[in-house]
Ligand code: CA
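Numbering (this note's numbering), first residue to last: 488 to 739.
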């Protein structure tokens, strides 16, 4: 499977530090964004720990799985590897937070893809998002773990109200809060031409889905041009938060 990919992160216009982290590794085909939260740079520690532990743990698990005698279901294998890696990262962040008073209450979102066996395994916690552009249709393949999304799904508020609600940043699930974390997982069969966009809410909260779709549909050879364009759009809309995205296109 051949892909072209890029990752880009920007502090935005209002924040002093960047609490977002990302993974963009064509080998082993691992892509993710993590949006940290917590005072005194703890958010940075949380998101950096998440991406570091997941990247390490995925590499180790895939190396073990490649050994003769290991039997794993194609399709399910990458989902398990990714989910277990996210759980390990959660455990590490919980431990760090318990051992260091200055890290108390820190947490992070995590939305990641692991490619393999012609599929994309998905693992998702929090309100970062993974979108898929396929055959001209653009939609999110993740479901925000946020207060406003819960209200939206119960039809208590409208989509427009959700975008501007003062509690729009309240998330209901994050790494670092509890050991028995529930990770949303999925597995998609890839098709040539699929384009994935992974992003933190500093992009999806500032730039409407219609504009994200348009940017991906008109993307040229180099996804980095599109990534810079989207960061500029988030800044033009106010740049209230850190802006992080990963774009990958499946070529064949
Ligand atoms: Ca954010």
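Each residue gets a CB set at the ideal place from its N, CA and C atoms; glycine is no exception.
Item: Between residue 667 and ligand 1, is there a pair consisting of the residue's CB and a ligand heavy atom that are separated by less than 7 Å?; Value: no
Item: Under three-state DSSP, which class holds residue 538?; Value: helix
Item: For ligand 1, I want to know if residue 522 counts as a neighbour, meaning its beta carbon is within less than 7 Å of at least one of the ligand's heavy atoms.; Value: yes
Item: Quickly, what does DSSP pair residue 618 with across the bridge? List them, please.; Value: 627, 684
Item: Ligand 1 and residue 688: does any heavy atom of the ligand fall closer than 7 Å to the residue's C-beta?; Value: yes
Item: Throw me the rounded Cβ distance for the residue 581 and residue 530 pair, which I believe falls under 8 Å.; Value: 15 Å between Cβ atoms; not a contact.
Item: Suppose you measure from the CA of residue 599 to the CA of residue 528; what does that come to, to the nearest Å?; Value: 23 Å
Item: Have a look at 595, 589, 676 and flag the residue whose alpha-carbon is nearest the alpha-carbon of residue 628.; Value: 676
Item: Looking at the structure shown, is residue 523 part of a helix, part of a strand, or coil, going by DSSP?; Value: strand
Item: Is the separation between the beta-carbon of residue 730 and that of residue 689 shorter than 8 Å?; Value: yes
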